[in-house]
Amino acid sequence: MTDGPRQRSSASGSSKDAGGEQESGGGVALKKEIGLVSACGIIVGNIIGSGIFVSPKGVLENASSVGVALIVWIITGVITAIGALCYAELGVTIPKSGGDYSYVKDIFGGLAGFLRLWIAVLVIYPTNQAVIALTFSNYVLQPLFPTCFPPENGLRLLAAVCLLLLTWVNCSSVRWATRVQDIFTAGKLLALALIIIMGIVQICKGEYYWLEPVNAFEPFQDYDVGLIALAFLQGSFAYGGWNFLNYVTEELVDPYVNLPRAIFISIPLVTFVYVFANIAYVTAMSPQELLASNAVAVTFGEKLLGVMAWIMPISVALSTFGGVNGSLFTSSRLFFAGAREGHLPSLLAMIHVKRCTPIPALLFTCLSTLLMLCTSDMYTLINYVGFINYLFYGVTVAGQIVLRIKQPDMHRPIKISLIWPVIYLIFWAFLLIFSLYSEPVVCGIGLAIMLTGVPVYFLGVYWDNKPQCFDAFVNKMTYLGQKFCVVVYPAVSDGSSSGSGEEGEEMKEARSPLSKEDGDNHKSADC
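In full-length UniProt numbering, the protein residues as written are 1 to 527.
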């Protein structure tokens, strides 16, 4: 199907709508408060979660030797940098919040974009945030239960408190949220710097047995092409989050400069940290000890830090706390962008009249994550949809090539050689084919979960002539939501669109009751 006629018919409506938004919203819009440091904090903070502290062994156990594992970390870092280069061009060419969702929708059409959004809303972000929050609560409560595991209900309750606290921070102020991200990203980098420095000290003491080429490439199990491919897949997942800054493009100060600059700073920094942290680990532990440890950084600290070993579990807790904040901040902008394009309820595209934060989208993100905390199957769901998440990375990069062919004269502040997306797609296709070959059932279930979004798209988005009672109900709920959250639809900037037209009239009607009744109050709101 195509959205061409529908989108053309709404083009003029969008511009009128934009005017209406300016009038009713009094210029209320997302603030551009994310500078270069905060932008780097978002990328680094979202990539570096608990994995490098807890279980960097996924790569090692499949690579079969220390030397091959380090090569895998370096190559996956380079491939991630290439993918980030492609996203940098797309981010300044299509300067809209929403990241790969916005790019896929604009290049391949509404259905493709909706499926990307659907799998993110349904599974990816709620499960990831729930798992990170549970990791945080586990490391906070573990010292209180030294001889046993913390109670499951206690873990979930503390994880819920963490989510609610950070949702409140994000609802209150963009500046507060970015400051929290900056502080906790700096904290985890300092903890990793301590690990790297201790590794250098170990090397200076002559503790580099597993780094000598003869020993580094000595396999502790037979080399296997399939296992090495799995090591690359694990390495690629470890760099997940590198594209999150593209979700908040409209809130970046000078995005044409700071988006690519933040990517160029952050990805090499993360690659350096990952490689040298793993080098540090093998100066204190053999590969067998590393694979046997359930918390590598904690074991490392116990071996080398003595009475200061408590630093490591605290570092993991702080790292995961910052990870939850970064994920909440960016995923809420994805849902905000989806609602603005008419793919989610219009209430989620509204922002507070004074704080200029997308409160409904943040509350929706928090609620969906809290629901995931109540289930016992979230780890299984992550396995199912991890393949789909990686699939859309490649689709987005392929879209860059398609856009070059379709619109060669389009203004591109950054224009990279097409050899880079081709290299990325070759690597991506290799991992994708291997995933399908090695785990066909898991990948098939992931595809099936994604395809459940097709009927939802046609019923909820594509179908225009819905029953009047349904539209009235949606408008009433939107009105109540606006009153409860004190939000209005934001003014539209030049770099963004006000919607795809699929739900444009509904969104106007949903906004109109509140803007008519409370217009004077909203006009005085100045962000």
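Glycine is no exception: its CB is placed at the ideal position from the N, C-alpha and C atoms.
What's the call for Val488, buried or exposed, on a 16-neighbour Cβ count within 10 Å?
buried
Query raised in the report: In the structure shown, what three-state DSSP assignment does Ile48 receive?
Result: coil
Near Arg116, what residues of its chain come up, given a Cβ to Cβ distance below 6 Å and the 5 sequence neighbours on each side ignored? Tyr101, Val104, Phe392
**Q.** Residues near Val385 in its chain [Cβ-Cβ closer than 7 Å; skip 5 each side]
**A.** Ile119, Val123, Ile124, Gly446, Ile449
Write down every uninterrupted run of the alpha helix (DSSP H) in the stretch 361-417 whose length is 4 residues or greater and which is fully enclosed by it, in chain order.
378-406
### Query
If you measure from the CB of Gly77, is any heavy atom of the ligand ATP nearer than 7 Å?
Looking at this structure, you won't find the ligand ATP or any other ligand, since it has none at all.
- Query: Mind checking whether Gly326 and Gln221 have CB atoms under 8 Å apart?
  - Reply: no
* C-alpha gap between Lys31 and Phe329, whole angstroms -> 14 Å
Residue closest to Leu318, alpha-carbon to alpha-carbon, out of Ile34, Ile48, Ser38, Leu362: Ile48
Using only the alpha-carbon positions, how far apart do Glu152 and Ile433 sit? 38 Å
Item to check | Local Cβ density within 10 Å of His352, reported as buried at 16 or more and exposed below that | outcome: buried
Ile351 by DSSP, collapsed to three states: which one?
strand
Under the DSSP definition of a beta bridge, which residues are partnered with Val488?
Ile351
Quick one: what's got a C-beta closer than 8 Å to Ile228's C-beta in the same chain, skipping five residues either side? Asn62, Ala63, Ser64, Val68, Val72
| said: Taking the straight line between their C-alpha atoms, what separation do you get for Phe484 and Leu164? | reply: 18 Å
* Asked: How about Thr283 and Ile74: are their beta carbons less than 8 Å apart?
  -> no
query = What residues match up with Leu252 in a beta bridge as DSSP calls it?
reply = Ile34
Practice problem: Within the same chain, show all residues whose beta-carbon is closer than 8 Å to that of Ala112, passing over the 5 residues directly before and after it, in chain order. | Solution: Val104, Lys105, Val395
* Unbroken stretches of the alpha helix (DSSP H), 4 residues or longer, contained in the stretch 421-451 -> 440-451
- request: Just mark Pro455 as buried or exposed, buried being the case when its beta carbon has 16 or more other beta carbons within 10 Å.
  value: exposed
Original post:
By Cβ distance, which residues of its chain are closer than 6 Å to Ala297, with the 5 residues on each side in sequence left out?
Top reply: Phe53, Met312
Assumed close pair Asn46, Phe300 - CB separation to whole angstroms, cut-off 8 Å
Going by Cβ atoms, the distance from Asn46 to Phe300 rounds to 24 Å, so no, they are not a contact pair.
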